[in-house]
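All remarks here apply to the structure that follows.
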Amino acid sequence: MRFFFKTVKILILFLLLAFVGAGFYAGNTAYEMMLTAPWEKILGVTKQTTDLSRIHRREQKDGWQPVEIRSADGTKLRGTYIENSRSSDRTVILLHGLYQNRSMCIPYVDMYRDMGYNVLLIDQRGHGESGGSHTTWGLRETDDLDAWTEWLRGKDGGVKIGMHGISLGAAMALIYSGTERGKNISFYVADSAYGGMMELGKDKISAYTGDPRFLWGMDLVEPFFQSVLWLRSGKTLSDIDPLEAVRRMTAPVLFLHGGADTLIPPKTAEELLQASGSSKKELFIFDGAGHTMEMAVNGDAYRKAVRVFLESLSQNM
């Protein structure tokens, strides 16, 4: 009888170890999938990461300054610095969306220059002329933004820095807002940001696979995914989740979103607004605008929303 119970204990231990091993294997697979999955197909977006002809023309014609720096892990980061014609101690960093490059942000340059800002356009890692093969969804992008803000402060120790991100760029800015250094940023403008990362991933991948059982599998794997995430990056899911990050933010923030956005529904912006820990936070919804299309649909209203928001902060900047 004792032999029987001993055998049962060994069998249970073996099954438990097998379950944990399988769980960590699945968690590691999910981690790799987060980084390397064909997100352009899953999200239905177009890859436009390599064409920088518009940027290069402006650099050659208008004297825009190409910039190259290194992130903490040695990754090359490229950008373009546009100095205002008037002396200014204010600079805004513009962050593009997924599978885009810094050319995407050209339509926003004049808006900020007209308000007296210098402008820094950056290629996020894995995009444009920056190094890296893909986005890391915030695992390394916060280090990249540290490097860019340090570069700006190296030019002018008294510079006041704002961040304006679009889609993925907005999410990265919001993630940065929850870090200690991110609290030194003067303001954030988040255009078409996503919120809860796991919820977004589950929703989009489930729709892509067409198999509702995928959600059950994701729920089962999630604890192992979070463990692998911490073991491999030293970060938790809350560190790279915009909805969690904004709870820690203190800087003023303006959320902008298209009312007809089907990729990231406008209710996401409302959730981010409610979750934000900032004492100065506003939301503007653009009726009829799809994902990241607010400026194209109603540029005058877009520029006014940003200008009015920044003017309300001017006494503190």
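Going by the working numbering, the sequence shown opens with residue -19, and the numbers climb by one from there. Note that beta-carbon positions come from the ideal geometry of N, C-alpha and C, so glycine has one too. Everything numeric in this text was worked out from a predicted model, so none of it was measured.
Remark: three or more beta-carbon pairs, one from each stretch, lie closer than 8 Å, so the region 227 to 246 and the region 166 to 184 are flagged as touching. Proximity to Leu74 across Tyr97, Gly145 and Glu39 peaks at Gly145, based on C-alpha coordinates.
The region 160 to 230 contains, as complete beta strand (DSSP E) runs of 3+ residues, the segments 167 to 171 (chain order). Straight across, the Cα-Cα distance linking Ile49 with Tyr79 is about 21 Å. The region 29 to 47 and the region 107 to 115 touch, with three or more beta-carbon pairs separated by less than 8 Å.
The C-alpha of Pro246 lies about 33 Å from the C-alpha of Leu132. The Cβ atoms of Ile244 and Ser172 sit closer than 8 Å to each other. DSSP places Thr55 in no alpha helix (DSSP H); its state is neither H nor E.
For the alpha helix (DSSP H) assignment, the uninterrupted runs of no fewer than 4 residues enclosed by the region 13 to 92 are, from N- to C-terminal side, 19 to 23 and 33 to 42. In this model, Ile102 and Thr115 are separated by some 14 Å (Cα to Cα). Sixteen is the threshold: when 16 or more other Cβ atoms of the shown chains lie within 10 Å of the Cβ of Pro222, as they do, the residue is buried.
The C-beta distance from Ser147 to Thr16 rounds to 20 Å, too long to fall under 8 Å, and the pair is not in contact.
Here Glu262 is bridged, per DSSP, to Leu234. Boundaries of the alpha helix (DSSP H) harbouring Val286: Gly279 to Glu291, taken from the DSSP string.
For secondary structure counted as the beta strand (DSSP E) over 3 or more consecutive residues, the region 100 to 172 holds these complete runs in sequence order: 140 to 146 and 167 to 171.
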